[in-house]
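Numbering (our numbering), first residue to last: 763 to 1057. Glycine included, C-beta positions come from ideal geometry on N, C-alpha and C. Nothing here was measured: the structure is a model prediction, and the numbers come from that model.
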């Protein structure tokens, strides 16, 4: 699983930080969490194929989270080979009208679905679901969970012991057993269950205990950190989080790793942001454009 921060900044782009977008590459597909202005260029720069985008998940309808969608979809519609697979755009109520107005024309492969908390979509080996966050009193904002399902993993030592290699693994997966040198080996004796990976993206939000519940035991929690404690009043007025707030959520969620993103332009010293968060939660990183997280 490859995750790339395409845009780590908040509200207004800067030379250092593009606007919000996080790309998750899984089993050949790309899932975009928000799509700020300039996202398609960032995808080219950081080697994320825009033709592989399966879904765009919008946290809310502020411009810095959606202005990259028209350009990306126009580019895809200009490809020599017409796209047959739908590109699904999901977001809170109002998404369809807003996105169609921005694009200005009907794109055949575009499929927009308005969702709310409790929505989920099963992709076979993984499930994506949505939960509400606190970013406005007037509009719905959402965070998202990418949850890989529990799966079987081959025990490397046992397989090497019995000389299992190559196509033997496929036989075991299909037949549930294999005979080697007269000995019948069963799949269940050569594998173990491994919990699926969990990625949570907060979107813009004020601190909320509910986010910690949804992010419980996440492998990676991407949480906005628009402000530091020096701007606590402003953060509360605008329904944003401080780095300390994000760290508090990660601690309450028992997350394995916290990545701070949606960083306000006033903060140039990443170490300052990092130190505020580390007072509360140790395993934390400050996102930058092009940052990769491999799980």
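Is it right to say residue 899 is buried, meaning 16 or more other beta carbons lie within 10 angstroms of its own, or is it exposed? Residue 899 comes out exposed.
Looking at the strands, I want to know which residues DSSP matches up with residue 906. Note: residue 906 sits in a beta bridge opposite 892 and 963.
Could you have a look at residue 1034 and say whether DSSP puts it in helix, strand or coil? In this structure, residue 1034 counts as helix in the three-state DSSP scheme.
Between the Cα of residue 904 and those of 967, 958 and 922, spot the shortest distance and give me the residue it belongs to. Nearest C-alpha to residue 904: 967.
Cβ neighbours of residue 981 in the same chain (closer than 6 Å, five flanking residues each side left out): 959, 960, 1018 and 1057.
Buried or exposed (CB count within 10 angstroms, at least 16 for buried), residue 854: With 16 or more other Cβ atoms inside 10 Å of its own Cβ, residue 854 counts as buried.
Separation of residue 821 from residue 893, as counted between CA atoms: Taking the Cα positions, residue 893 is about 10 Å away from residue 821.
Report the residue from 808, 953 and 799 whose alpha carbon sits nearest the alpha carbon of residue 835. Closest option to residue 835, Cα to Cα, is 799.
May I ask you to verify whether the segment 877–890 touches the segment 849–865, counting CB pairs closer than 8 Å and requiring at least 3? Contact between the segment 877–890 and the segment 849–865 is present, because at least three Cβ pairs lie under 8 Å.
Just the Cα atoms here: how many angstroms apart are residue 817 and residue 785? C-alpha of residue 817 to C-alpha of residue 785: approximately 10 Å in a straight line.
Quick check on residue 884: does DSSP put it in helix, strand or coil? In this structure, residue 884 counts as strand in the three-state DSSP scheme.
Taking residue 787 as part of the beta strand (DSSP E), name the residues at either end of that continuous run. Here the beta strand (DSSP E) through residue 787 covers 783–788.
Alpha carbon of residue 862 to alpha carbon of residue 825, nearest angstrom: About 14 Å.
Should the segment 920–933 be called in touch with the segment 970–986, which here means at least 3 C-beta pairs below 8 Å? No, the segment 920–933 is not in contact with the segment 970–986.
I'd like to confirm the pairing. Which residues does DSSP put opposite residue 986 in its beta bridges? Bridge partners of residue 986: 1023.
Quick check: residue 1015 and residue 977, are their CB atoms within less than 8 Å of each other? Yes, Cβ-Cβ distance for residue 1015 and residue 977 is below 8 Å.
Residue 862: first and last residue of the uninterrupted alpha helix (DSSP H) it sits in: First-last of the alpha helix (DSSP H) with residue 862: 857–865.
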